[in-house]
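To start, the structure itself, in structure tokens.
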Amino acid sequence: MNVLTWQFFGAAFTLIAGTLLHFVYGWSDRSLAMAPFAAVNESVWEHLKLLAVPMLLFAVVEYFCYGRALPGFLPARTASVLFGMAEIVVLFYTYAGIVGRNFLLADILVFCIGVAEAYLLGAYLLLSGLLADGSMQRAAFIALLLLISSLFFFTFRPPHIGLFRDPVTGRYGTAA
């Protein structure tokens, strides 16, 4: 398979797995073991896991299937995950700010756009070799460690700011 085909299947996997991860915490009877990987409440932060976790899991498969042969794989995938997460935040707060509230259908569309744009950026970065410089490997590795640590840490100890606030309960993290 070529890089573009991998990106297509990655996007499909992320959309399906991300949708399932929205419900996994509830299905698991609020298991703390599942909390770092699945949305534990309706906050924007928790919904970012729906993109990040499946993309990172798919990236592991990609790495062993073809990514080892591409010097810029880790930086490209790290950048694409971070971009997709940022895109979701920007699109959500922009549309909700303009309209004055959020709508489920628009939220789903924002997720789909974030996933699609993340994989499009990933394809571009992988094919162009733009991030293949050796120094980018180190930066990507550090960024990836910070991202994964943040996903775990902020699930249990979220800052009390809007990004982490469950709009349904007004609470934060697993307490919501």
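Heads up: the sequence shown begins at 457 in our numbering, then just goes up one per residue.
Glycine included, each C-beta is placed from N, C-alpha and C at the ideal position.
Two segments are said to touch when three or more pairs of C-beta atoms, one from each, lie closer than 8 Å; by this definition the stretch 568-575 touches the stretch 533-552. Sequence-distant partners of Phe-597 (beyond 5 residues in either direction) whose C-beta falls short of 7 Å from its own C-beta, in its chain, are Leu-530. Residue burial is scored here from C-beta neighbours: Pro-614 has at least 16 other C-beta atoms within 10 angstroms and is therefore classed as buried. Within the same chain, and ignoring the five residues on either side of Leu-460 in sequence, the residues whose Cβ sits closer than 7 Å to its Cβ are Ala-579. The alpha helix (DSSP H) runs of length 4 or more contained entirely in the stretch 459-514 are, from start to end of the chain, 459-483.
DSSP, reduced to helix, strand and coil, places Arg-621 within a strand of the structure shown. Tyr-628 has Arg-621 as its beta-bridge partners, per DSSP. The continuous alpha helix (DSSP H) containing Pro-531 extends over residues 529-555. The C-alpha of Ser-584 lies about 9 Å from the C-alpha of Gly-528.
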